Amino acid sequence: MTENYLFPLLQHCCDTLIDHQELADTAWQGGIRCPACRTVHGRCGDAIFPLYYMYTATGNSNYLKSARLLTSYIGSVQQPDGAWLNELAGDWKGTTVFQLLSLCHAYDLLSKNGEQTEADTLKDLIASSALWVSRIFGNGGKTNVNYYLTSAVVLQWASVIVSIPHYAEQARLLIERYGLANMTGDGFLLGEKTNQRPFSRVTSTVDIGYNMDMSLGAMAEYAILTGNEHVKEMTVHALRKHMEMIYPDGSMDNSFGSRNYKWTLFGSKTAHGCQMAFMMLCDEDPAFYKAAELNAAYVKESIGPGGGMFGYGPHYKELFKQSCIHATFNKADAFAVALTYGKEPARKDALIPSQAIFGVREYASLGVHHMRTHQWMGTVSCYHVHNAPTGGTLSYLWNAATGPVQIGSVTKYERYEPYNMPAFPAMEEELTTPRIEAVRQGITYSNLYEYEAYAASSVNEDRPEAEVHGQLKYEADCIQYDCGISYKIRYTFYDSFIEKIYDMDVRLPCEQIRIVEPIVSGANCAALEMGEEINIPSGKGNVIQVSGWGVGFQLDRESLTEQAVSVFPSILAVPLKWRTGPLIPGQYSFRVSIRLDEPGVPTMKGDVKE
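Residue numbers (the UniProt record's numbering): 1 to 610.
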């Protein structure tokens, strides 16, 4: 399938990996050295299969040599129990399942291409690591769902490759327990064990990035390997629902997910890629092919000028000098799987759900709403994951001409995975999430700590609308404290602009209320006040215009020159702020409008700009 749109991307990934393969240092020889992290990531073995794929597809012996060197390296660092460390300096071994999957795919590929002798060189590694997976994950446990579903696939493969039927029975039970039993009625896959981190009071949540990039791909592959039609039917149902989180430009909405702290806009940093699931099932729904294609194009854009590795957002290269290579071998693996096991769709011009002008969609099990007009799409999040955008904020705002306009970041950047999460850039931390803040007795309260907000959405006169209700809160030690201020946010999406109306019911005196509206800018953050409007260059050759007004609120002009930063996704924004002075109990309101300044587009006042 060298004519497939994925092949050039895969070739780019593999050539980049070869460029960074360690040849001199005997301790790391054959490993893939990361220029940003200055280490060899434990999961670099994921690249074995894509390197072998490129060899079989092109006959280029450089890929064969690289695959052999990498296989030799992971053999040298394999632990006595058969596992691999995720990082040489750590103790987590769960990612062994992903390297084992790469080895199984490589074995299958080589065997089918007349390279049985080469395939057999992988068999000992497969046997020893499969034994570890069977022992640690084969009977379930308490970690995240992607590990158990990937374990099901590798155990199914290993049951054939090393002839241990017991593995297949473990695989079947894992799929039933962690796949089928974890589906919500509307098709979302639960199983993110966020009780291991201070993110939620519930023990099983949804992460769109890991579900699409890993878990659903594993379920699709299991269904194909075993011919299990029920698993396939359920996976298709879930994938259709998750596909609604692919925006029209191919970006993935994981703004509210339980692991949004690794959200890259194209997916999740250390997950594989949605192309696996979409391509393996695109004969069931041609829209899957289009979703895979659009997302791959978005991944390609993240390479940026000059080539190299993938960045994690439009401003990655402005924030970091070096790129981490982790996503390069993850994406290479996903692309190779899609090329090897993908199907042919009935047609290649199908639309994905977000390309339709659907008005509003409610995801009741998540507390999330999507809003869509011809030019705009947005996500309103009331999902209850701690540290992710919530409280009814607009966690992702997108425009057809300029891309991301607003993007919610983690409420507090914590390096839960130091090797996978770079240090925050040397600048003051300022959130990129739109929000309400109130200061009372020196403590800042916000809607971002309101995990019990609720929203309703509808279409009124062809205009998508949503209304959110909640209380401003402060969080300490995972406990929320009320400040006596309730809020309502009304969102209205027009064709040419979007409007937010904030209503605050202040029941106790407070020192200040702030409305904060960070706007994704060009690489050089700049905002210019033009009468009632604030102009911010988008970096795409157009200007985002923002207006805000409300009795008692004043624009904080210092915010025009400030900079808000998000690491995941990597963006720069201008954090526009409007403040009040001390407030007595009463009703207060503030209105914000956001539009693109383009000739021929109606202004917020109804005029047409020449």
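Each residue gets a CB set at the ideal place from its N, CA and C atoms; glycine is no exception. Note that the coordinates shown come from a computational prediction; the quantities given were computed from them, not determined experimentally.
Going by beta carbon distance, what residues of the same chain come within less than 6 angstroms of GLY307, once the five residues before and after it are set aside?
Excluding positions up to five away in sequence, the list is empty.
Using only CA atoms, which one of GLN406, ALA426 and MET377 lies nearest to PRO314?
Considering only alpha carbons, the answer is GLN406.
Is it right to say LEU528 is buried, meaning 16 or more other beta carbons lie within 10 angstroms of its own, or is it exposed?
Counting Cβ neighbours within 10 Å, LEU528 comes out exposed, since fewer than 16 surround it.
Thinking C-beta only, is TYR588 closer than 9 angstroms to GLY550?
Cβ atoms of GLY550 and TYR588: closer than 9 angstroms.
Whose C-alpha, out of ASP213, HIS386 and ALA67, is nearest the C-alpha of SER258?
Minimum Cα distance to SER258 is reached at HIS386.
Could you say which of ASN60, VAL231 and HIS369 lies nearest to ALA456 if we only look at CA atoms?
Ranking the options by Cα distance to ALA456, first place goes to HIS369.
Is the Cβ-Cβ distance between ARG347 and PRO286 less than 9 angstroms?
Yes, they are a contact pair.
Check each candidate in ASN330, THR226, HIS237 and TYR494 and name the one with the smallest Cα separation from CYS274.
CYS274 has its Cα closest to that of ASN330, out of ASN330, THR226, HIS237 and TYR494.
Measuring alpha carbon to alpha carbon, tell me which of TYR148, TYR298 and VAL160 ends up nearest GLU176.
The shortest C-alpha separation from GLU176 is found at TYR148.
Runs of 3 residues minimum, wholly inside the stretch 517-549: which ones carry the beta strand (DSSP E) assignment?
You should have 528-530, 533-537 and 543-549.
From which residue to which residue does the beta strand (DSSP E) around LEU239 run?
First-last for LEU239: 229-243, but that is the alpha helix (DSSP H), not the beta strand (DSSP E).
State buried or exposed for ARG43, treating a residue as buried only when at least 16 other CB atoms are found within 10 Å of its CB.
Result: buried.
Can you list, in chain order, the stretches of the alpha helix (DSSP H) that have 4 or more residues and sit fully within the stretch 57-136?
The stretch 57-136 contains these whole alpha helix (DSSP H) runs: 61-77, 96-112, 116-120 and 123-136.
Let me check understanding here. Comparing Cα to Cα, which of LEU508, ASP25, PRO569 and GLY539 lies closest to LEU583?
Of LEU508, ASP25, PRO569 and GLY539, the residue nearest in Cα terms is LEU508.
Which term fits PRO404, buried or exposed, when burial requires 16 or more other beta carbons within 10 angstroms of its beta carbon?
Answer is buried; the Cβ neighbour count reaches 16.
In this structure, how does DSSP classify MET276 when only helix, strand and coil are distinguished?
In this structure, MET276 counts as helix in the three-state DSSP scheme.
Are the stretch 260-274 and the stretch 323-343 touching, with three or more C-beta to C-beta distances below 8 angstroms?
Verdict: yes, contact present.
I need the straight-line Cα distance from LEU394 to PHE320, nearest angstrom please.
Rounded to whole angstroms, LEU394 to PHE320 spans 27 angstroms at the Cα level.
Ignoring anything shorter than 3 residues, give me the beta strand (DSSP E) runs that lie fully in the stretch 453-529, in order along the chain.
The stretch 453-529 contains these whole beta strand (DSSP E) runs: 454-460, 463-476, 479-493, 497-506 and 512-520.
Considering only residues of the same chain and omitting the five flanking positions on each side of GLY82, which have a CB-CB separation below 6 angstroms?
Hits under 6 angstroms: SER128, SER129, LEU131 and TRP132.
State buried or exposed for PRO585, treating a residue as buried only when at least 16 other CB atoms are found within 10 Å of its CB.
PRO585 should be labelled exposed.
Alpha carbon to alpha carbon, how far is PRO50 from CYS324? Give it in angstroms, no decimals.
About 18 angstroms.
Report yes if the C-beta distance between GLY367 and VAL459 is below 9 angstroms; otherwise report no.
No; because the gap between Cβ atoms is not below 9 angstroms, this pair is not in contact.
Classify ASN399: buried if its beta carbon has 16 or more other beta carbons within 10 angstroms, exposed otherwise.
That one is buried.
Taking only runs that begin and end inside the stretch 153-199, name each unbroken alpha helix (DSSP H) of 4 or more residues, in chain order.
As far as the stretch 153-199 is concerned, its whole alpha helix (DSSP H) runs of at least 4 residues are 165-174.
Verify whether the separation of the beta carbon atoms of TYR210 and GLU192 is less than 9 angstroms.
Yes, they are a contact pair.
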